[in-house]
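Residue numbers (our numbering): 1 to 267.
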Amino acid sequence: MESTQTKVIFFDLDGTLFDHYHSLRLAMNAIQEKYSGLAENVEELIRLYNTALQQAYDDYLDKVTTYEEADIRKIHLFFAAVDLPEPSLDEVYEFRDAYKAVYRANRRATPGSIETLAWLREHGYRIAIITNGQIEDQTAKAEAIGILHLIKRIVTSEEAGHRKPEPRIFQYAIEQLGAFLHTTYMIGDSADSYIKGTLDAQLAAIMYSPTAEDSQRLLFGQKIPDIRHMNQLLDYLGISHEILSNSIDPSNSLRNADSGGADRCQA
Numbered sequence: 001m002e003s004t005q006t007k008v009i010f011f012d013l014d015g016t017l018f019d020h021y022h023s024l025r026l027a028m029n030a031i032q033e034k035y036s037g038l039a040e041n042v043e044e045l046i047r048l049y050n051t052a053l054q055q056a057y058d059d060y061l062d063k064v065t066t067y068e069e070a071d072i073r074k075i076h077l078f079f080a081a082v083d084l085p086e087p088s089l090d091e092v093y094e095f096r097d098a099y100k101a102v103y104r105a106n107r108r109a110t111p112g113s114i115e116t117l118a119w120l121r122e123h124g125y126r127i128a129i130i131t132n133g134q135i136e137d138q139t140a141k142a143e144a145i146g147i148l149h150l151i152k153r154i155v156t157s158e159e160a161g162h163r164k165p166e167p168r169i170f171q172y173a174i175e176q177l178g179a180f181l182h183t184t185y186m187i188g189d190s191a192d193s194y195i196k197g198t199l200d201a202q203l204a205a206i207m208y209s210p211t212a213e214d215s216q217r218l219l220f221g222q223k224i225p226d227i228r229h230m231n232q233l234l235d236y237l238g239i240s241h242e243i244l245s246n247s248i249d250p251s252n253s254l255r256n257a258d259s260g261g262a263d264r265c266q267a
């Protein structure tokens with residue numbers, strides 16, 4: 001275990017630091033063009049795909065299926081949801097290849113994330129990711145969007161032996177970073193997956209919601225700060241917007257944002 005007095009901020013990756021919706025929308029546009037039988041609009045396809053994705057991946061996390069089985073089942077569930085014929089294994093692979101080619105080519109960080117992480121590092125914060133994804137896939141994704149060098153640690157449910165939103169995964173992450181409850185924050189885009197577990201672990205929670213209309217919301221009996229843009233986190237933490245030192249240049253990260261990397265079942 002690392003020992004430090006440094007303040008710690010835990011982040012979700014997908015939908016918080018990684019712009020999952022951007023990649024997903026472009027991938028669904030490509031799928032809609034490829035499969036003429038898809039009558040739904042792209043937003044409905046996104047909703048149905050996300051539902052299939054979550055159901056299949058939950059089964060994997062519950063150890064009902066293997067990782068590969070979950071990836072295949074996700075596509076079967078999606079085909080059923082959009083009234084496409086049951087796919088053969090070859091058709092599953094064809095769909096997956098078409099989807100992932102577009103999804104991976106368009107991966108990017110959410111607006112302001114790279115700069116915000118660099119500011120946090122500049123001001124002495126230790127940054128970690130907490131995820132239910134697999135370590136290899138999430139590490140590759142963080143590298144692809146240009147934030148890996150800013151991250152101290154990626155803590156997975158597989159490593160911790162507990163999945164979000166169980167408070168034990170957050171407690172495990174605190175132990176691994178040598179953090180303290182009163183100087184640790186958790187930022188995520190899902191109330192059920194992140195905010196609930198964070199509060200149960202007695203950590204300070206911040207909701208990331210680009211469509212939020214208010215600066216806070218009532219969740220699980222507590223008022224939770226709501227940020228629409230990642231730069232608002234700096235204001236919340238009282239970090240002044242001074243010029244970054246030359247040693248931390250976000251433009252270096254932006255130039256690396258198109259690099260490739262492994263995807264995961266959750267995509």
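In this text, a Cβ means the ideal position worked out from N, Cα and C, and glycines have one as well.
Just so we're clear, the structure is a prediction, and the values are computed from it rather than from any experiment.
Please confirm whether residue i and residue j have their CB atoms less than 8 Å apart.
i: residue 233; j: residue 174; result: no
i: residue 216; j: residue 199; result: no
i: residue 24; j: residue 32; result: no
i: residue 167; j: residue 197; result: yes
i: residue 144; j: residue 99; result: no
i: residue 154; j: residue 135; result: yes
i: residue 109; j: residue 19; result: yes
i: residue 120; j: residue 195; result: no
i: residue 77; j: residue 56; result: yes
i: residue 236; j: residue 16; result: no
i: residue 65; j: residue 73; result: yes
Where does residue i sit, in a helix, a strand or coil, going by DSSP?
i: residue 167; result: helix
i: residue 239; result: coil
i: residue 183; result: helix
i: residue 268; result: This structure cannot speak to residue 268, because the chain is shown only from 1 to 267.
i: residue 284; result: Within the shown structure, residues of the chain are numbered from 1 to 267, placing residue 284 beyond reach of any answer.
i: residue 14; result: strand
i: residue 66; result: coil
i: residue 134; result: coil
i: residue 39; result: coil
i: residue 176; result: helix
i: residue 54; result: helix
i: residue 202; result: coil
i: residue 251; result: Confidence is the limiting factor: at residue 251 the pLDDT is only 39, short of 50, which leaves the residue's position unreliable, though a coordinate-based value still follows. Helix, per DSSP.
i: residue 267; result: coil
i: residue 46; result: helix
i: residue 245; result: With a pLDDT of only 41 at residue 245, under 50, the local geometry of the prediction cannot be trusted, and no value is derived from it.
i: residue 145; result: coil
i: residue 151; result: coil
i: residue 102; result: helix
Note down the Cα distance separating residue i from residue j, rounded to an integer number of angstroms.
i: residue 60; j: residue 93; result: 19 Å
i: residue 219; j: residue 225; result: 10 Å
i: residue 152; j: residue 36; result: 45 Å
i: residue 131; j: residue 169; result: 9 Å
i: residue 183; j: residue 7; result: 5 Å
i: residue 127; j: residue 117; result: 8 Å
i: residue 180; j: residue 172; result: 12 Å
i: residue 102; j: residue 22; result: 11 Å
i: residue 106; j: residue 123; result: 31 Å
i: residue 12; j: residue 230; result: 12 Å
i: residue 30; j: residue 178; result: 45 Å
i: residue 203; j: residue 112; result: 24 Å
i: residue 97; j: residue 240; result: 45 Å
i: residue 193; j: residue 163; result: 9 Å
i: residue 159; j: residue 176; result: 11 Å
i: residue 41; j: residue 125; result: 42 Å
i: residue 267; j: residue 150; result: 23 Å
i: residue 142; j: residue 115; result: 14 Å
i: residue 104; j: residue 71; result: 16 Å
i: residue 214; j: residue 85; result: 44 Å
i: residue 44; j: residue 137; result: 27 Å
i: residue 139; j: residue 34; result: 30 Å
i: residue 165; j: residue 157; result: 10 Å
i: residue 261; j: residue 201; result: Its pLDDT being 33, under 50, residue 261 is placed unreliably by the model, and nothing is read from it.
i: residue 227; j: residue 87; result: 41 Å
Can you pull the DSSP bridge partners for residue i?
i: residue 90; result: Its beta-bridge partners do not exist; DSSP assigns none.
i: residue 207; result: 188 and 226
i: residue 126; result: 8
i: residue 156; result: 131
i: residue 109; result: 18
i: residue 216; result: 225
Three or more C-beta pairs closer than 8 Å, one from the region 41 to 51 and one from the region 67 to 82: is that the case here?
-> A contact exists between the region 41 to 51 and the region 67 to 82.
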